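Enquirer: Following this message is one structure expressed as structure tokens.
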Amino acid sequence: MQLRYQFRLYPTPSQQQSLAQAFGCARVVFNDALRARQEAHAAGLPYLSDGDLSKLVITEAKKTGERAWLGEVSAVVLQQALADLNTAYRNFFASVSGKRKGRRVAPPRFRSRKDRRQAVRFTRNARFTVTAGGKLRLPKIGDVRVRWSRDLPSAPSSVTVIRDTAGRYFASFVVETMDEPLPEVAAEVGIDLGLTHFAVTSDGRKITSPKFLHRAERRLRKAQQALSRKQKGSKNRRKAVAKVARMHARVTDARRDHHHKLSTQLIRDNQAVYMEDLAVSGLARTRLAKSVHDAGWSQFVSMLEYKAARYGRNFAKVDRWFPSSKLCSACGTVADSMPLNVREWACPCGTVHDRDVNAAINILAAGRADSLNACGGTVRPSA
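All residue numbers for the sequence shown refer to the working numbering, where the first residue is 3 and numbers rise by one.
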């Protein structure tokens, strides 16, 4: 399994200038290549191949006075910018033809120099190395200090140097990891995600939603008001933009840390984890959009999925149309309706349900029913 290991970088001022030059060159090559393909398409010419495009926007461009400075950065950075464009085009064509599932992918767009988030990628051809002193040696940039929080499990195949919107630098290594199965346990859990409680498990545990963005809204509002008063193009405005970006980065980091700790705990303590397949993109277009984005359900589910695969656990999603909230977990009766303001309800059989706990119990039962037994059949075959 391939995973990304991300570490904080601390480049010197001269190295920051070299990285800024690499970011700019990669952006220019990407935009030149995109413009060349768009002009060829508008003129009715054949689709430019990857080799012809590389020769046009890199090899030949370096010989001109306008693009001679492309030779001052590593050639691998420029080639990877073209690879990103080719990947974007392949995803777009696959989406249009129906070969790619999910939401329709838009065609590639030009990269903006005003975007505060920039990234460049170095592959093994660039001969990047980790020195004996623990620094990351990048071609034409130098040895950059890294804050190592853990060891790399294997030799990385590539490293992406990222400058985020808050002005921080990171190195994201792609490494091959081995599966590390955990000892088997008997426990299984169904999880119902929500907004009042971030998650409710089938054993009755309710995990409070941290609401990181909601807690930081007051400070963010003041910082954004101060930003709106700054003159465009001034140094004070750049400082105010950086301050707002740092505050958003703290919210993002806190949310990611919470998701990592909770997902690790659930995977460690349970042999199987079952969840409802939520339509997060649809919920994010409702009046609850801010709360849905603040919860970060998609990121949390993705963490559960890859950690289950790595540590030998079972992970499955229950159909989103399964009536987990309206179904009585005791007798199987389905209620006619269940508005969101109803948090407890009584079934005609006499059982009083907590809405979220009942939904988690039903998700656990449905997940078990859909799983396969030792003979390859479902645990509970349908009638």
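Note that the Cβ used here is the ideal one computed from N, Cα and C, for glycine as well. Remember, predicted model here, so these are calculated numbers, not experimental data.
Suppose you measure from the CA of V79 to the CA of N127; what does that come to, to the nearest Å?
Expert: Taking the first residue of the sequence shown as position 1, residue 79 is located at position 77. Taking the first residue of the sequence shown as position 1, residue 127 is located at position 125. Those two C-alpha atoms are separated by around 10 Å.
Enquirer: Decide if F317 is buried, meaning its Cβ has at least 16 other Cβ atoms within 10 Å, or exposed.
Expert: If you number the sequence shown from 1, residue 317 lands on position 315. The residue is buried, with at least 16 neighbouring Cβ atoms inside 10 Å.
Enquirer: Closest to D34 by C-alpha separation, out of E62, A337 and Q17, would be which residue?
Expert: Here the question's residue 34 lines up with position 32 in the sequence shown. Answer by Cα proximity: E62.
Enquirer: I need the straight-line Cα distance from L215 to D356, nearest angstrom please.
Expert: Within the sequence shown, the letter at position 213 stands for residue 215. Within the sequence shown, the letter at position 354 stands for residue 356. Going from the Cα of L215 to the Cα of D356 covers about 28 Å.
Enquirer: In whole angstroms, give me the CA-to-CA distance for F112 and V344.
Expert: To locate residue 112, count along the sequence shown from 1; it is residue 110. To locate residue 344, count along the sequence shown from 1; it is residue 342. Taking the straight line joining both Cα atoms gives about 48 Å.
Enquirer: In this structure, does DSSP put P13 in helix, strand or coil?
Expert: Taking the first residue of the sequence shown as 1, we reach residue 13 at position 11. Here DSSP, grouped into helix, strand and coil, assigns P13 to coil.
Enquirer: Look at the alpha carbon of G46 and the alpha carbon of Q23, and state the distance between them as a whole number of angstroms.
Expert: As a working mapping, residue 46 is identified with position 44 in the sequence shown. As a working mapping, residue 23 is identified with position 21 in the sequence shown. If I take the Cα positions, the gap works out to 35 Å.
Enquirer: Among V59, S76 and R39, which has the Cα closest to the Cα of S20?
Expert: For the purposes of this step, residue 20 is taken as the residue at position 18 of the sequence shown. Here the closest residue by C-alpha is S76.
Enquirer: In chain order, what residues of the same chain have a beta carbon less than 6 Å from the beta carbon of A108, not counting five sequence neighbours either side?
Expert: Taking the first residue of the sequence shown as position 1, residue 108 is located at position 106. Hits under 6 Å: none found.
Enquirer: Note down, in chain order, each residue of its chain lying with its Cβ closer than 7 Å to the Cβ of A228, except the 5 sequence neighbours on either side.
Expert: Position 226 of the sequence shown holds residue 228. So the list reads A242, once near-sequence residues are dropped.
Enquirer: Cβ atoms of Q267 and V146: under 9 Å apart, would you say?
Expert: For this step, residue 146 is matched to residue 144 along the sequence shown. For this step, residue 267 is matched to residue 265 along the sequence shown. Not in contact: V146 and Q267 (Cβ atoms no closer than 9 Å).
Enquirer: Tell whether a beta-carbon distance below 9 Å holds between F172 and Q4.
Expert: Locating residue 172 in the sequence shown gives position 170, where the first residue counts as 1. Locating residue 4 in the sequence shown gives position 2, where the first residue counts as 1. Cβ distance not < 9 Å, so F172 and Q4 don't count as in contact.
Enquirer: So, helix, strand or coil for F317, using DSSP?
Expert: Here residue 317 corresponds to residue number 315 of the sequence shown, with the count starting at 1. If DSSP states are grouped into helix, strand and coil, F317 belongs with the strands.
Enquirer: Contact defined as beta carbons within less than 8 Å: I believe S326 pairs with A361. What is the distance between those atoms, to the nearest angstrom?
Expert: Within the sequence shown, numbered from 1, the residue matching residue 326 stands at position 324. Within the sequence shown, numbered from 1, the residue matching residue 361 stands at position 359. With a Cβ gap of about 4 Å, S326 and A361 count as contacting.
Enquirer: With DSSP collapsed to three states, give me the class of E190.
Expert: Residue mapping note: residue 190 aligns to position 188 of the sequence shown, counting from 1. It is a strand residue.
Enquirer: Any idea which residues DSSP pairs H355 with across the strands?
Expert: Working through the sequence shown from its first residue, we reach residue 355 at position 353. Answer is W347, bridged to H355.
Enquirer: For E186, is the classification buried or exposed, using 16 other Cβ atoms within 10 angstroms of its Cβ as the cut-off for buried?
Expert: Residue numbering aside, residue 186 sits at position 184 when the sequence shown is read from its first letter. It counts as exposed.
Enquirer: The beta strand (DSSP E) that contains Y276, what's its start and end?
Expert: Taking the sequence shown and counting its residues from 1, the one referred to as residue 276 is at position 274. Residues A274 to E278.
Enquirer: Where P48 and A42 are concerned, what is the direct C-alpha to C-alpha distance, given to the nearest angstrom?
Expert: The residue given as residue 48 occupies position 46 in the sequence shown. The residue given as residue 42 occupies position 40 in the sequence shown. Spanning the two alpha carbons is a distance of roughly 7 Å.
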